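**Q** Note that full-length UniProt numbering numbers the sequence shown so that position 301 is 301, with each residue one more than the last. All C-beta atoms in this analysis are idealised placements derived from N, C-alpha and C, irrespective of residue type, glycine included. Remember, predicted model here, so these are calculated numbers, not experimental data.
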Amino acid sequence: MLNKEVYISRRRKLKENFKDGLILIIGNDFSPLDCEDNTYPFIQDATFKYYFGIDHNGLIGIIDIDKNEEIIFGNDYTMSDIIWMGKQKFLKELAIEVGIEKFIEKEELKKYLENRKNIRFTNQYRTDNIMYLSSILNINPFEFDKNISFDLVKAIIRQRNVKEKIEIEEIEKAVNITKEMHLSAMRNVKAGIKEYELVADVEKQPRKYNAYYSFQTILSKNGQILHNHSHLNILKDGDLVLLDCGALSDEGYCGDMTTTFPVSGKFTERQKTIHNIVRDMFDRAKELVRAGITYKEVHLEACKVLAKNMKKLRLMKGEVEDIVSSGAHALFMPHGLGHMMGMTVHDMENFGEINVGYDEGEKKSTQFGLSSLRLAKKLEVGNIFTIEPGIYFIPELFEKWRNEKLHEEFLNYDEIEKYMDFGGIRMERDILIQEDGTSRILGDKFPRTADEIEKYMEEYRK
Numbered sequence: 001m002l003n004k005e006v007y008i009s010r011r012r013k014l015k016e017n018f019k020d021g022l023i024l025i026i027g028n029d030f031s032p033l034d035c036e037d038n039t040y041p042f043i044q045d046a047t048f049k050y051y052f053g054i055d056h057n058g059l060i061g062i063i064d065i066d067k068n069e070e071i072i073f074g075n076d077y078t079m080s081d082i083i084w085m086g087k088q089k090f091l092k093e094l095a096i097e098v099g100i101e102k103f104i105e106k107e108e109l110k111k112y113l114e115n116r117k118n119i120r121f122t123n124q125y126r127t128d129n130i131m132y133l134s135s136i137l138n139i140n141p142f143e144f145d146k147n148i149s150f151d152l153v154k155a156i157i158r159q160r161n162v163k164e165k166i167e168i169e170e171i172e173k174a175v176n177i178t179k180e181m182h183l184s185a186m187r188n189v190k191a192g193i194k195e196y197e198l199v200a201d202v203e204k205q206p207r208k209y210n211a212y213y214s215f216q217t218i219l220s221k222n223g224q225i226l227h228n229h230s231h232l233n234i235l236k237d238g239d240l241v242l243l244d245c246g247a248l249s250d251e252g253y254c255g256d257m258t259t260t261f262p263v264s265g266k267f268t269e270r271q272k273t274i275h276n277i278v279r280d281m282f283d284r285a286k287e288l289v290r291a292g293i294t295y296k297e298v299h300l301e302a303c304k305v306l307a308k309n310m311k312k313l314r315l316m317k318g319e320v321e322d323i324v325s326s327g328a329h330a331l332f333m334p335h336g337l338g339h340m341m342g343m344t345v346h347d348m349e350n351f352g353e354i355n356v357g358y359d360e361g362e363k364k365s366t367q368f369g370l371s372s373l374r375l376a377k378k379l380e381v382g383n384i385f386t387i388e389p390g391i392y393f394i395p396e397l398f399e400k401w402r403n404e405k406l407h408e409e410f411l412n413y414d415e416i417e418k419y420m421d422f423g424g425i426r427m428e429r430d431i432l433i434q435e436d437g438t439s440r441i442l443g444d445k446f447p448r449t450a451d452e453i454e455k456y457m458e459e460y461r462k
């Protein structure tokens, strides 16, 4: 846990948004794999951990504005727990360590909430939490979302959007572990091994730092599959490996990076050309990001770099502005440029992508590609987010568009077809908007260009 003053300050700041009522924040419980004693790894709800800090299952935090008190409800350890898990600090002791004096058994919560007005809670992503809250609040679970406090959701998003100094340090720690995951893959990749052998090495790295991985590792020679989770292919010289992975620090903060590197240690000329275009897209975005600019604007500028370079390769034609406004470039990059990052890898998207990534009143585009833009709003000091441009040659999408004669005025389908065996390349780094409004890439120095990757692999690969 962090220093208790951090949690006290966070709760105080949240409470300042409301004049009366109470705030209820529910933590996660264990999620059974097949029975209650065999569960998935426990990950605490990020909002509960942000305000209450305790990494334990089955807890509910109360910030009672009317009574001017804060309480954690839960069930403390029993002798059976101690027998199976060993002696641990009691939860009431942990509550004191995060600045809360009152710890009450969970069974008393329903009584505590009786006849209370303005009970504020957020939307939930776990069915068991929806059912539990519905039962103690006497609401229809099928109408649960009609009862959430959108004012509370907005207040939490505003607060968590701006990262504190301690959070930046934790995220940077996670980013550096993430970088070691990527460097280890570059050192250990070789022709003849299965993808899952490389995944095993990647996922071993965070364990060395008492960390975990922040999402399921994406690793494949088929980089055109954006979020590939099958790792059965045998790697061979000439293949590119796309690795998208991240570490979760022991304090619950995430890293998220993507690299694309050659199995042989050397890019082919065609691979290097595409990698350089992706790098140029990244560099243009990094050049633009600052406090006050909208991320949608940054996304579109990166897409213009894509279109300009695809014209040079004779894969596209027409005016760059027209290409991007039409959405024709999305054949090669059908996703957005990035997303918020923090205690979850797509930070706070449990509150709704539109609420987290868009300014109030702004609607998402329905255009293919642009509709997948998770982050569009104006950037501000303290934001942490990803920049992750990519270029992909997706045979199924190519065939669909060509058969439908989509954007024929901008796409040279005969030339594009020659790249259908290419795969895909993505480059992703984690970015902070600093106090002076400028941006910086988080973490230690890391090979980024094709030449730097080749140099690192030549020097360090096993």
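Taking just the CA atoms, how far does I218 sit from I82?
**A** Those two C-alpha atoms are separated by around 38 Å.
**Q** Which residue or residues does DSSP assign as beta-bridge partners of K378?
**A** Paired residues: T294.
**Q** Taking contact to mean 3 or more Cβ pairs, one atom from each stretch, closer than 8 Å, check whether the stretch 70-80 and the stretch 369-377 are in contact.
**A** Taking 8 Å as the limit for Cβ pairs, the verdict is that the stretch 369-377 does not touch the stretch 70-80.
**Q** Mind checking who R126 pairs with in its DSSP beta bridge?
**A** Answer by DSSP bridge pairing: none, since R126 is not bridged.
**Q** What are the residues that DSSP puts in a beta bridge with Y213?
**A** Answer is A247.
**Q** With 16 other CB atoms within 10 Å as the buried threshold, where does L232 fall?
**A** Under this definition L232 is an exposed residue.
**Q** Taking the C-alpha atoms as reference points, what is the distance between G352 and G336?
**A** Straight-line Cα distance between these residues: approximately 16 Å.
**Q** Candidates V345, K364, I277 and L2: which alpha carbon is nearest K312's?
**A** That would be I277, whose Cα lies nearest to the Cα of K312.
**Q** Residues in its own chain within less than 7 Å of I323 by CB, not counting five upstream and five downstream?
**A** So the qualifying residues of the chain are A307, M316, H329 and F410.
**Q** In angstroms, rounded to a whole number, what distance separates the CA positions of D201 and S230?
**A** If you take the alpha carbons of D201 and S230, they lie about 16 Å apart.
**Q** Would you call the stretch 154-172 in contact with the stretch 413-421, where contact means no fewer than 3 C-beta pairs closer than 8 Å?
**A** No, the stretch 154-172 does not touch the stretch 413-421.
**Q** For the structure I just gave you, are there three or more beta carbon pairs, one from the stretch 122-130 and one from the stretch 350-364, closer than 8 Å?
**A** Because the criterion of three Cβ pairs below 8 Å is met, the stretch 122-130 and the stretch 350-364 touch.
**Q** Please identify the residue among R290, V189 and M281 whose C-alpha is closest to the C-alpha of N309.
**A** Ranking the options by Cα distance to N309, first place goes to M281.
**Q** Please work out which residues of its chain come closer than 8 Å, Cβ to Cβ, to N412, disregarding the five sequence neighbours upstream and downstream, and give them in chain order.
**A** If we look at N412 and ignore the five residues flanking it on each side, its Cβ neighbours are R314, L315, M316 and K317.
**Q** Thinking A302 and V381 are a contact (beta carbons under 8 Å), I'd like their distance in whole angstroms, please.
**A** Not a contact, Cβ separation roughly 22 Å.
**Q** What's the C-alpha gap between P395 and A450?
**A** Approximately 25 Å, taken between the alpha carbons.
**Q** Could you compute how far the alpha carbon of K4 sits from the alpha carbon of I148?
**A** Cα to Cα, the separation comes out at about 28 Å.
**Q** Taking the alpha-carbon of A191 as reference, which of V199, G265 and T366 has the nearest alpha-carbon?
**A** Among V199, G265 and T366, the Cα nearest to that of A191 belongs to G265.
**Q** Does DSSP put D201 in a helix, a strand or coil?
**A** Three-state DSSP puts D201 in a helix.
**Q** Between which two residues does the alpha helix (DSSP H) containing T273 stretch?
**A** It spans E269 to L288 - the alpha helix (DSSP H) in which T273 sits, taken as one unbroken run.
**Q** Out of I234, S372, I384 and M186, state which residue places its alpha-carbon closest to the alpha-carbon of T344.
**A** T344 has its Cα closest to that of I384, out of I234, S372, I384 and M186.
**Q** Does the ligand GDP have even one heavy atom less than 7 Å from the beta-carbon of L315?
**A** Ligands displayed in this structure: none; no statement on the ligand GDP is therefore possible.
**Q** Tell me which residues share the same chain as P334 and place their Cβ nearer than 8 Å to its Cβ, disregarding the 5 neighbours each side in the sequence.
**A** Taken in chain order, the residues that qualify are L226, F368, G369, S372, Y392, I394 and L397.
**Q** Can you check whether the CB of N57 is closer than 8 Å to the CB of I43?
**A** No; because the gap between Cβ atoms is not below 8 Å, this pair is not in contact.
**Q** With a threshold of 8 Å on Cβ separation, who are the neighbours of S134 within its own chain once the five nearest residues in sequence on each side are excluded?
**A** Result list for S134: N140, P141 and F144, in chain order.
**Q** Tell me which same chain residues have a C-beta within less than 8 Å of the C-beta of L2, skipping the five on either side of it?
**A** Answer for L2: G53, I166 and E251, listed in chain order.
**Q** Could you tell me if N403 is buried or exposed, where buried requires 16 or more neighbouring beta carbons within 10 angstroms of its beta carbon?
**A** By the 10 Å Cβ count, N403 comes out exposed.
**Q** Which value, in whole angstroms, describes the spacing of the CA atoms of K304 and V298?
**A** One C-alpha to the other measures close to 10 Å.
**Q** Taking 6 Å as the limit between beta carbons, can you name the residues of its chain near L94, skipping five residues before and five after?
**A** I54.
**Q** Just to confirm, is the Cβ distance from S249 to E170 under 8 Å?
**A** Yes.
**Q** For G21, which residues of its own chain have a beta-carbon under 7 Å away from its beta-carbon, when the five flanking residues on both sides are left out?
**A** Within the same chain, G21 has close Cβ partners I65, D66, K117, N118, I119 and R120.
**Q** Pick out whichever of R158, E195 and D37 has its Cα sitting closest to the Cα of M85.
**A** Considering only alpha carbons, the answer is D37.
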